[in-house]
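Trainee: Let me begin by handing over the structure; questions about it come next.
Here it is as structure tokens:
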């Protein structure tokens with residue numbers, strides 16, 4: 006559980022209620038929100054420390070951004086540690102456990118959230134299988150071919166979209182921010198607040214689109230609003246997974262999978278020769294996802310209570326089996 010820190014060493018006082026529950030110190034929400042804002046600005050700002058006239062997909066730009074983003078991500082736990090020292094919140098779980106880096110329940114955390122996300126994408130996966138020129142066995146052979154993965158690892162855009170972006174974004178925007186937000190709000194509120202930093206952080210793409218004139222101004226801003234909307238929804242989903250499982254690996258794998266799949270091509274599905282089958286799979290996937298959302302993320306599989314839930318000042322349905 007959470008224990009009281011020495012008042013003489015911290016700027017905020019931590020209180021334990023009469024019935025033993027954790028009472029958030031006064032002012033902790035301002036400290037938590039400002040810490041998250043500073044962390045988000047540091048992450049996005051690291052992308053622009055390199056001056057270049059090249060577009061964001063150029064390999065040289067991607068390599069430089071890898072360097073700065075990985076440095077900021079490696080330092081991001083310092084924000085959580087500093088927040089913990091300043092507020093006096095002294096949780097029972099270790100800092101790494103709070104950030105979802107632990108062994109308990111690791112295997113279910115690798116398999117179940119990814120399976121749940123694939124269920125949601127049942128329609129797009131069926132559509133992809135129908136349109137793919139390869140047979141099933143051909144796909145298996147390619148997936149098991151070391152040369153295929155060697156080519157992927159040499160592709161800077163693939164590394165960015167499938168490895169570096171999912172890992173660093175989930176580390177910064179979920180594993181570091183949620184432990185700071187949960188003590189000042191309920192886990193449900195933190196789950197909905199955290200994605201706002203994630204969504205706003207993606208607005209920086211507008212700068213590059215305007216700079217290289219990749220579309221009209223109105224079109225670029227409409228695309229930015231749409232991107233903010235779906236990144237915020239996706240951020241809420243991975244925050245939900247993080248809180249329910251207490252693991253970082255699940256959100257990272259789901260993020261990588263969604264980056265690979267992209268936003269569902271509904272317009273293409275509506276024009277597909279087998280649109281009835283595909284649209285039925287879209288609907289079935291959504292219904293199964295809603296049915297399996299809580300069962301497949303049951304904290305019972307991952308160790309009760311999950312570390313981040315020990316910081317909650319009030320009981321939450323997200324934290325119980």
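In our numbering, the protein residues as written are 6 to 326. Heads up, the beta-carbon is just placed ideally off N, CA and C, and yes, glycines get one too. Small disclaimer: the values here were computed from a predicted structure and weren't measured.
Taking C-alpha atoms, which residue in 68, 89, 54 and 299 lies nearest to residue 34?
Mentor: Position 29 of the chain shown, counted from the first residue, corresponds to residue 34. The option with the nearest alpha carbon to residue 34 is 89.
Trainee: In terms of residue numbering, what span does the alpha helix (DSSP H) encompassing residue 81 cover?
Mentor: Working through the chain shown from its first residue, we reach residue 81 at position 76. Unbroken alpha helix (DSSP H) run through residue 81: 64-92.
Trainee: Hey, is the segment 67-81 in contact with the segment 166-173, meaning 3+ C-beta pairs nearer than 8 Å?
Mentor: They touch, by the three-pair rule.
Trainee: Can you find the residues in the same chain that come closer than 6 Å, C-beta to C-beta, to residue 66, ignoring five residues on each side of it along the sequence?
Mentor: Position 61 of the chain shown holds residue 66. Once the five neighbours on either side are set aside, the close Cβ partners of residue 66 are 57 and 59.
Trainee: Could you give the distance in angstroms between the alpha-carbon of residue 241 and the alpha-carbon of residue 291?
Mentor: Against the chain shown, residue 241 aligns to sequence position 236. Against the chain shown, residue 291 aligns to sequence position 286. Distance between the alpha carbons of residue 241 and residue 291: 17 Å.
Trainee: Terminal residues of the continuous alpha helix (DSSP H) containing residue 162?
Mentor: Mapped onto the chain shown, residue 162 falls at position 157. Start and end: 161-164.
Trainee: In whole angstroms, give me the CA-to-CA distance for residue 152 and residue 319.
Mentor: Numbered from its first residue, the chain shown carries residue 152 at position 147. Numbered from its first residue, the chain shown carries residue 319 at position 314. Taking the straight line from one Cα to the other gives about 51 Å.
Trainee: Select from 118, 156, 299 and 298 the residue whose C-alpha is nearest the C-alpha of residue 253.
Mentor: Locating residue 253 in the chain shown gives position 248, where the first residue counts as 1. Nearest of 118, 156, 299 and 298 to residue 253, Cα basis: 118.
Trainee: Does the segment 246-261 come close enough to the segment 309-318 that 3 or more CB-CB pairs lie under 8 Å?
Mentor: Flag = yes, the segment 309-318 and the segment 246-261 touch.
Trainee: Would you decide whether residue 159 is buried or exposed? Buried here means 16 or more other CB atoms lie within 10 Å of its CB.
Mentor: On the chain shown, residue 159 is found 154 positions in, with the first residue counted as 1. When all chains shown are included, residue 159 counts as exposed.
Trainee: If you compare alpha carbons, which of 245, 287 and 281 is closest to residue 322?
Mentor: Indexing the chain shown from 1 puts residue 322 at position 317. Of 245, 287 and 281, the residue nearest in Cα terms is 245.
Trainee: Return helix, strand or coil for residue 221, following the three-state DSSP convention.
Mentor: What you label residue 221 is simply residue 216 of the chain shown in a count that begins at 1. Three-state result, residue 221: coil.
Trainee: If you compare alpha carbons, which of 284, 124, 84 and 132 is closest to residue 177?
Mentor: Position 172 of the chain shown, counted from the first residue, corresponds to residue 177. Residue 84 is the option with its Cα nearest to residue 177.
Trainee: Whole angstroms is fine: what's the gap from residue 234's alpha carbon to residue 198's?
Mentor: Counting from one through the chain shown, the residue named residue 234 turns up at place 229. Counting from one through the chain shown, the residue named residue 198 turns up at place 193. Residue 234 and residue 198: Cα-Cα distance of roughly 13 Å.
Trainee: So the candidates are 37, 93, 203 and 110; which of them puts its Cα closest to the Cα of residue 308?
Mentor: As a working note, residue 308 is residue 303 in the chain shown. Per the Cα distances, 110.
Trainee: For the alpha helix (DSSP H) that residue 123 lies in, which residues bound it at each end?
Mentor: Walking along the chain shown from the start, residue 123 turns up at place 118. First-last of the alpha helix (DSSP H) with residue 123: 111-125.
Trainee: Return yes when the Cβ of residue 286 is within less than 9 Å of the Cβ of residue 128, no when it is not.
Mentor: One-based indexing of the chain shown puts residue 128 at position 123. One-based indexing of the chain shown puts residue 286 at position 281. Yes; because the gap between Cβ atoms is below 9 Å, this pair is in contact.
Trainee: Would a C-beta distance cut-off of 9 Å place residue 237 and residue 201 closer than the cut-off?
Mentor: On the chain shown, position 232 is the one that residue 237 refers to. On the chain shown, position 196 is the one that residue 201 refers to. Yes, these two residues count as a Cβ contact at 9 Å.
Trainee: Using only alpha-carbon positions, find the residue among 265, 280 and 150 that is nearest to residue 272.
Mentor: Counted from its first residue, the chain shown places residue 272 at position 267. Taking only the C-alpha atoms, the option nearest residue 272 is 280.
Trainee: Please report the straight-line C-alpha distance between residue 239 and residue 310, rounded to a whole angstrom.
Mentor: Mapped onto the chain shown, residue 239 falls at position 234. Mapped onto the chain shown, residue 310 falls at position 305. Near 24 Å, if we compare the C-alpha coordinates of residue 310 and residue 239.
Trainee: Just to confirm my understanding: we take residue 71, look at its own chain, exclude 5 residues before and 5 after, and list those with CB closer than 7 Å. What are they?
Mentor: Residue numbering aside, residue 71 sits at position 66 when the chain shown is read from its first letter. For residue 71, where only same-chain residues beyond five positions count, the Cβ hits under 7 Å are 169.
Trainee: In terms of residue numbering, what span does the alpha helix (DSSP H) encompassing residue 280 cover?
Mentor: Numbered from its first residue, the chain shown carries residue 280 at position 275. Residue 280 -> alpha helix (DSSP H) spans 280-297.
Trainee: Between the beta-carbon of residue 132 and the beta-carbon of residue 270, is there less than 9 Å?
Mentor: Working through the chain shown from its first residue, we reach residue 132 at position 127. Working through the chain shown from its first residue, we reach residue 270 at position 265. Cβ atoms of residue 132 and residue 270: closer than 9 Å.
Trainee: Would you grab the beta carbon distance between residue 247 and residue 105 for me? Rounded to a whole angstrom, and I think it's under 8 Å.
Mentor: Translated into positions along the chain shown, residue 247 becomes position 242. Translated into positions along the chain shown, residue 105 becomes position 100. That belief holds up - the Cβ atoms of residue 247 and residue 105 are roughly 6 Å apart, short of 8 Å.
Trainee: Thinking C-alpha only, which one of 107, 229, 68 and 86 is nearest residue 40?
Mentor: The count along the chain shown starts at 1 and reaches residue 40 at position 35. Of the candidates 107, 229, 68 and 86, the one whose C-alpha sits nearest the C-alpha of residue 40 is 86.
Trainee: Taking the C-alpha atoms as reference points, what is the distance between residue 288 and residue 232?
Mentor: As a first step, residue 288 must be located in the chain shown, where it is residue number 283. As a first step, residue 232 must be located in the chain shown, where it is residue number 227. Each residue's alpha carbon lies about 23 Å from the other.
Trainee: Return the residue from the list 55, 102, 179 and 136 that minimises the CA-CA distance to residue 45.
Mentor: Walking along the chain shown from the start, residue 45 turns up at place 40. Residue 45 has its Cα closest to that of 179, out of 55, 102, 179 and 136.
Trainee: Do residue 130 and residue 301 have their C-beta atoms within less than 9 Å of each other?
Mentor: Here residue 130 refers to the residue found at position 125 when the chain shown is read from its first residue. Here residue 301 refers to the residue found at position 296 when the chain shown is read from its first residue. Taking 9 Å as the Cβ cut-off, residue 130 and residue 301 do not qualify as a contacting pair.
Trainee: Assuming residue 37 and residue 185 are in contact, meaning their beta carbons sit under 8 Å apart, how far apart are those beta carbons, in whole angstroms?
Mentor: Stepping through the chain shown from its first residue, residue 37 is reached at position 32. Stepping through the chain shown from its first residue, residue 185 is reached at position 180. About 4 Å; that satisfies the 8 Å criterion.
Trainee: Just reading off the alpha helix (DSSP H) that residue 326 is part of, what are its end residues?
Mentor: Here residue 326 refers to the residue found at position 321 when the chain shown is read from its first residue. First-last for residue 326: undefined, no H or E at that position.
Trainee: So residue 73 and residue 42 are in contact, right, with Cβ under 8 Å, and what is the actual spacing, rounded?
Mentor: Here residue 73 corresponds to residue number 68 of the chain shown, with the count starting at 1. Here residue 42 corresponds to residue number 37 of the chain shown, with the count starting at 1. So it is not a contact: roughly 19 Å between Cβ atoms.
Trainee: Where does the unbroken alpha helix (DSSP H) through residue 50 begin, and where does it stop?
Mentor: Here residue 50 corresponds to residue number 45 of the chain shown, with the count starting at 1. Looking at the DSSP string, the run of the alpha helix (DSSP H) that includes residue 50 is 33-50.
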